[in-house]
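**Student:** Below is one structure. I have some questions about it.
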Amino acid sequence: MENEKKTRLTLYTFLVVLKILKMLRFSGLIALILVLHYTDAFFPLMPGDHVIPHHMLRVAHTNKFVAFSAGLTQIATLHASHNDTVPYDRVFLNMGGGYNKTNGIFTSPRTGTYVFMYYALAQQNKQLQLDLYRNDDYIVGSYAHVTSDYGSVSNSVILGLDEKDTVHIKAHTDDYLYGQPDEIYTSFTGFLLVPDEGRTQHGSHGQGSLG
Numbered sequence: 001m002e003n004e005k006k007t008r009l010t011l012y013t014f015l016v017v018l019k020i021l022k023m024l025r026f027s028g029l030i031a032l033i034l035v036l037h038y039t040d041a042f043f044p045l046m047p048g049d050h051v052i053p054h055h056m057l058r059v060a061h062t063n064k065f066v067a068f069s070a071g072l073t074q075i076a077t078l079h080a081s082h083n084d085t086v087p088y089d090r091v092f093l094n095m096g097g098g099y100n101k102t103n104g105i106f107t108s109p110r111t112g113t114y115v116f117m118y119y120a121l122a123q124q125n126k127q128l129q130l131d132l133y134r135n136d137d138y139i140v141g142s143y144a145h146v147t148s149d150y151g152s153v154s155n156s157v158i159l160g161l162d163e164k165d166t167v168h169i170k171a172h173t174d175d176y177l178y179g180q181p182d183e184i185y186t187s188f189t190g191f192l193l194v195p196d197e198g199r200t201q202h203g204s205h206g207q208g209s210l211g
């Protein structure tokens, strides 16, 4: 009976937290990932359960959660020759304070493995080519060019970051992004998947490591 009450309570908590994250404009999948990684209360362990060490599964219960999400509320023209970064100016969430809306750059507040996702909509009949960078290193890119409508791009990546590493989205060419305060189609999201304090994630060669 006690276990049944605890399960009902934790499932209720799960649904409440999930609803709050979705209200903050997280997609259902992103909200679910964040909830599962920031709590271990939803499925109580029973006698005889085999346990994987917590540091391999989730973020510890600390005040150092890291997650951000931001969107673009304006039409923006970017130039690679100016080294322009996408200015995501509406911040939905900035846990850990790593995202800077003034320059569009995320600075890692702690070492670990992170997930990043970005989406963008081009202005009508314009091209769009965006690249994600870790510090000064190109990681992934995306491209769209629709001659009679609006093109869109997206990409995602899992990266190892050291403390104070930066991640940002840059223009590859002359790029034209669409956005309005009530039409946010361009966004940038990231969160800490696994903390890894005391270890170097990528060193001088840009290679991630969890071992």
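Numbering-wise, our numbering puts 204 at position 204 of the sequence shown, and it's gapless, one number per residue.
All C-beta atoms in this analysis are idealised placements derived from N, C-alpha and C, irrespective of residue type, glycine included.
None of these values were measured; they are calculated from a predicted model.
1) Taking Val140 as the reference, give the member of Lys126, Met117 and His82 with the closest Cα.
2) Taking only the alpha-carbon atoms, compute the straight-line gap between Ser81 and Thr107 and give it to the nearest angstrom.
3) Considering only residues of the same chain and omitting the five flanking positions on each side of Pro181, which have a CB-CB separation below 7 Å?
4) Which residues does DSSP pair with Val66 in a beta bridge?
5) Any idea what DSSP makes of Ser81, helix, strand or coil?
6) Are there 16 or more other CB atoms within 10 angstroms of the CB of Phe191, so buried, or fewer, so exposed?
7) At the level of alpha carbons, what is the spacing between His79 and Asp174?
8) Return the Cβ separation of Ala76 and Gly151 in integer angstroms, given the expectation that the two are a contact with Cβ distance under 8 Å.
9) Buried or exposed, going by whether 16 or more other CB atoms sit within 10 Å of the CB of Thr102?
10) When you compare only the Cα positions, how much space is there between Asn63 and Arg110?
11) In whole angstroms, what separates the C-alpha of Tyr143 from that of Ile169?
12) For Asp137, which of Leu177, Val86 and Leu159 has the nearest alpha-carbon?
13) Inspect the beta-carbon positions of Leu132 and Val153 and report whether they are closer than 8 Å.
14) Take the Cβ of Ser148 as the centre, count every other Cβ of all protein chains shown within 10 Å, and call the residue buried at 16 or more, exposed below.
15) Rounded to a whole number of angstroms, what is the C-alpha to C-alpha distance between Tyr185 and Arg90?
**Tutor:** In short:
1) Among Lys126, Met117 and His82, the Cα nearest to that of Val140 is on Met117.
2) Looking at the two C-alpha atoms, the distance is approximately 23 Å.
3) So the qualifying residues of the chain are Thr73.
4) In DSSP, Val66 forms no bridge with anything.
5) For Ser81, the three-state secondary structure derived from DSSP is helix.
6) Under this definition Phe191 is a buried residue.
7) Computed Cα separation, rounded: 5 Å.
8) Cβ atoms of Ala76 and Gly151 stay farther apart than 8 Å, at about 15 Å.
9) Label assigned to Thr102: exposed.
10) At Asn63 the pLDDT is 49, less than 50, meaning the model places this residue with poor confidence; the figure from the coordinates comes in the next sentence. Across the structure, Asn63 and Arg110 are spaced so that their CA atoms are roughly 12 Å apart.
11) Approximately 13 Å, taken between the alpha carbons.
12) The option with the nearest alpha carbon to Asp137 is Leu159.
13) Taking 8 Å as the Cβ cut-off, Leu132 and Val153 do not qualify as a contacting pair.
14) By the 10 Å Cβ count, Ser148 comes out exposed.
15) Tyr185 and Arg90 have their alpha carbons spaced roughly 12 Å apart.
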